[in-house]
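Asks: So for the sequence shown, the working numbering puts the first residue at 83; every next one is plus one.
All residues carry an ideal CB built from backbone N, CA and C; glycine is no exception.
Keep in mind it's a predicted model, so treat the numbers as computed, not measured.
Before I ask anything, here is the structure I am working with.
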Amino acid sequence: MNPLAGASGGIPPVGRAVGGNPDRRRRASLPLAPYPPNRCSMTTPVPPVKLYEPVERPDLRWKYLRETYGDVAPAWFDPYARGWLLLSWESIRWAMQPASPFSADPDHWRDMREGLIPESSGTAVQLIRRQSARFRDGGEHARYRGALQDALQHLIDRNRVLDAVERVAYRLIAEFSRRRSDDLAAGYTYPRPVDLIGDYARRLTGTVLARLVGFTAAEADRIGTLMETVWDGEPHLAMQAWTQLAEDLAALAEQRARHPQDDVLSFLLHDRDRPAHTRAEAADQTALLFAAGYDPTTHLIGNCLRELLTDPRMGADLRSGLGDVRAVVNTVQVHRPPVAMLPGRWVTADHTIGHYRLRGGDLVGFGIAAANQSLAARELTSSTNAHLGWGTGGHGCPRAGQDIATVVAGAAVHCLFGAAPLRLAVPADALPDRPSMVINGLRELPVDLGEVHLPESRAALPEPAAVRPSGPAPAAATRSPSLGERLGGFARALLGRG
83 MNPLAGASGG IPPVGRAVGG NPDRRRRASL PLAPYPPNRC SMTTPVPPVK
133 LYEPVERPDL RWKYLRETYG DVAPAWFDPY ARGWLLLSWE SIRWAMQPAS
183 PFSADPDHWR DMREGLIPES SGTAVQLIRR QSARFRDGGE HARYRGALQD
233 ALQHLIDRNR VLDAVERVAY RLIAEFSRRR SDDLAAGYTY PRPVDLIGDY
283 ARRLTGTVLA RLVGFTAAEA DRIGTLMETV WDGEPHLAMQ AWTQLAEDLA
333 ALAEQRARHP QDDVLSFLLH DRDRPAHTRA EAADQTALLF AAGYDPTTHL
383 IGNCLRELLT DPRMGADLRS GLGDVRAVVN TVQVHRPPVA MLPGRWVTAD
433 HTIGHYRLRG GDLVGFGIAA ANQSLAAREL TSSTNAHLGW GTGGHGCPRA
483 GQDIATVVAG AAVHCLFGAA PLRLAVPADA LPDRPSMVIN GLRELPVDLG
533 EVHLPESRAA LPEPAAVRPS GPAPAAATRS PSLGERLGGF ARALLGRG
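What follows is the structure, given as structure tokens:
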């Protein structure tokens, strides 16, 4: 069976193009050709893969693409945005290096310059040239990336982050426990299932991220929902969501410019060690943090929980103390990475990869899930730090960001599995995948929750305050290890630095 079988049909008219002269706009109103034949040097070209079409078996998609296309495949990222998808670990790692013939700057996108990309392209919305580290090269990229790294390093005390995760996790678990008790008291034979994506992973990630960036929990939830729409790339809806997201972030940047607080956005606007960001730059950098943090961390947690619930041995080992949360996170990054595919590089000079000739200005995407699967097959291991979930090279996720995501995901899983027995409420093969070519996760993860046992009455603790810069600790009398010290040890274990 072809796992890519799904909805199909002709390519719809492009519609109104973004930019370009009138002749090019008229040309863009016609259906695009299947793919320029002179871009492929194979005698019998393999047809481009339509990544935006739904598939019957998302879990088999990447293996099928590697076996069919090799290192690179011609692809449609949406009905209007064509390009190339790199599929092997070696090709992606090479393309992510600064010396490769690829750029992160959307100004190189030839089809956009020629007016062939309409406003309704969901891929184009994701790749708007914002003032952030993701969409710059060279000195500009170094300045933006350095500012983000400094902001995260300065404002984030990992003990406080882990404490916040634990507090939020146990508060949510206590909420589930109360709902379970209410259902039993109301006469339900079986309490209602808990959705570990919407009710747990998403809410936990949004609350913690809000404290790092400077939002309230309600603001983070709204902005996270908008970012989900942008990631999913639905025509028209993605542009509407981005417009609203940009307005919200601009308003918050204006507030923090006048009234700074102890958060990332304020740090970027009032940086003492390097030229401060403008309001627009700070807003775009914050959008990058949300894009990289909200959906990917939500589904890193969700995919870890899915793996533990569908592999009885792994779940039992974790509960008994024999399992390693860090190994679970790495296993998921290899086999179920939350970001399966990411467009966002452009060829700067004609180059040949495999059987294909890539031209300057072509759009390129990274098939991260495909590359990680090929890596795991070679290394014959389920857990490896060589995965590409964090990227690599100058545009890879900063170390502080990797640490935060690892600690948040690991602690979220650890808290939940230690507090209550869990069982899938539906068969494993009935779990609904999220229909996104970028985000690899579930729409829902319904579970039956057993009796909850919260340690040390953690549910009674107040909601954590905003994360603040850590300072020197006051002298203290001889005492038992504090919560912060205990959590710090757990964080170091998660990060492999114990």
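For residue 562, count neighbouring C-beta atoms within 10 Å of its own C-beta (all shown protein chains included) and say buried if the count is 16 or more, exposed if not.
Replies: Low confidence applies here, because residue 562 scores a pLDDT of 37, under 50, leaving its location unreliable; read the following figure in that light. Under this definition residue 562 is an exposed residue.
Asks: Closest Cβ-Cβ distance between residue 494 and chain B: below 7 angstroms?
Replies: Structure shown: chain B not included; a single protein chain is present.
Asks: With DSSP as the reference, please indicate the residues paired to residue 604 in a beta bridge.
Replies: What the structure shows of the chain is the stretch from 83 to 580, and residue 604 is not part of that stretch, so it cannot be assessed.
Asks: Hey, residue 346 and residue 308 are a contact pair by Cβ (cut 8 angstroms); roughly how many whole angstroms apart?
Replies: Between residue 308 and residue 346 the Cβ distance is about 18 angstroms, and since that is not below 8 angstroms, they are no contact.
Asks: Please look up how many angstroms separate the CB atoms of residue 418 and residue 467, rounded, as I've assumed it's under 8 angstroms.
Replies: At roughly 16 angstroms, the Cβ-Cβ gap does not stay under 8 angstroms, so residue 418 and residue 467 are not in contact.
Asks: Reducing DSSP to helix, strand and coil, say where residue 236 ends up.
Replies: Helix, per DSSP.
Asks: Sorted by chain position, which residues of the same chain lie with C-beta nearer than 6 angstroms to residue 532's C-beta, five sequence neighbours on each side aside?
Replies: Result list for residue 532: 502, 503, in chain order.
Asks: My output table needs one value for residue 527: the three-state DSSP class, helix, strand or coil.
Replies: The answer is coil: DSSP assigns residue 527 none of H, G, I, E or B.
Asks: Assuming residue 243 and residue 489 make a contact with CB atoms under 8 angstroms, what is their CB distance in whole Å?
Replies: 6 angstroms between Cβ atoms; contact.
Asks: Would you be able to state if there are at least three C-beta pairs under 8 angstroms between the region 157-174 and the region 441-448?
Replies: Because the criterion of three Cβ pairs below 8 angstroms is met, the region 441-448 and the region 157-174 touch.
Asks: Using 8 angstroms for Cβ pairs, my map puts residue 153 next to residue 169. What's the rounded Cβ distance?
Replies: With 8 angstroms as the limit, residue 153 and residue 169 qualify as a contact, their Cβ atoms being about 6 angstroms apart.
Asks: Give me the Cβ distance between residue 349 and residue 233, rounded to the nearest whole Å; I'm assuming they're in contact under 8 angstroms.
Replies: Yes, they are in contact, since the Cβ atoms of residue 349 and residue 233 sit about 4 angstroms apart, within 8 angstroms.
Asks: For residue 273, which three-state DSSP category applies?
Replies: It is coil, neither helix nor strand.
Asks: Out of 198, 430, 373, point me to the one whose CA is closest to residue 215's CA.
Replies: Cα-wise, what sits closest to residue 215 is 373.
Asks: First and last residue of the beta strand (DSSP E) that includes residue 217?
Replies: From DSSP, residue 217 is part of no beta strand (DSSP E); its letter is neither H nor E.
Asks: Can you give me the C-alpha to C-alpha distance between residue 391 and residue 247, rounded to a whole angstrom?
Replies: Those two C-alpha atoms are separated by around 21 angstroms.
Asks: Just verifying my parser: in three-state terms, what is the DSSP assignment at residue 346?
Replies: Helix, per DSSP.
Asks: Tell me the residue span of the alpha helix (DSSP H) that contains residue 144.
Replies: That run of the alpha helix (DSSP H) goes 140-151.
Asks: Looking only at C-alpha atoms, which of 376, 329, 319, 277 sits nearest to residue 498?
Replies: If we check each option's Cα against that of residue 498, 277 comes out closest.
Asks: So what's residue 426 in DSSP terms, helix, strand or just coil?
Replies: Here residue 426 sits in strand by DSSP.
Asks: Where does residue 130 land, buried or exposed, given buried means 16+ other C-beta within 10 angstroms?
Replies: Answer is buried; the Cβ neighbour count reaches 16.
Asks: Do residue 351 and residue 359 have their C-beta atoms closer together than 7 angstroms?
Replies: Going by C-beta atoms, residue 351 is nearer than 7 angstroms to residue 359.
Asks: Round the Cβ separation of residue 457 and residue 176 to the nearest angstrom and send it over; I've been treating them as touching at under 8 angstroms.
Replies: With 8 angstroms as the limit, residue 457 and residue 176 do not qualify as a contact, their Cβ atoms being about 14 angstroms apart.
Asks: Going by DSSP, which residues form a beta bridge with residue 433?
Replies: In DSSP, residue 433 forms a bridge with 440.
Asks: Cα-Cα, which of 395, 388, 433, 406 is closest to residue 511?
Replies: When each option's Cα is compared against that of residue 511, the closest is 388.
Asks: When DSSP builds the beta bridges, which residues end up paired with residue 448?
Replies: Answer is 168, 424, bridged to residue 448.
Asks: Could you tell me whether the Cβ atoms of residue 166 and residue 451 are closer together than 7 angstroms?
Replies: Result no, Cβ atoms of residue 166 and residue 451 do not sit closer than 7 angstroms.
Asks: Please classify residue 156: does DSSP put it in a helix, a strand, or coil?
Replies: The answer is strand: DSSP assigns residue 156 an E or B state.
Asks: Output needed for residue 190: all residues of its chain with C-beta closer than 7 angstroms, excluding positions within five of it in sequence on either side, in chain order.
Replies: Excluding positions up to five away in sequence, the list reads 428, 430, 443.
Asks: Strictly by DSSP, which residues pair up with residue 180?
Replies: In the DSSP output, where bridge partners are listed per residue, residue 180 has none listed.
Asks: Measure the C-alpha to C-alpha separation of residue 147 and residue 453 and round it to an integer number of angstroms.
Replies: Between residue 147 and residue 453, the C-alpha separation is close to 11 angstroms.
Asks: Taking residue 274 as the reference, which of 524, 194, 507, 493 has the closest Cα?
Replies: Looking at the Cα atoms, 507 is the closest of the given residues.
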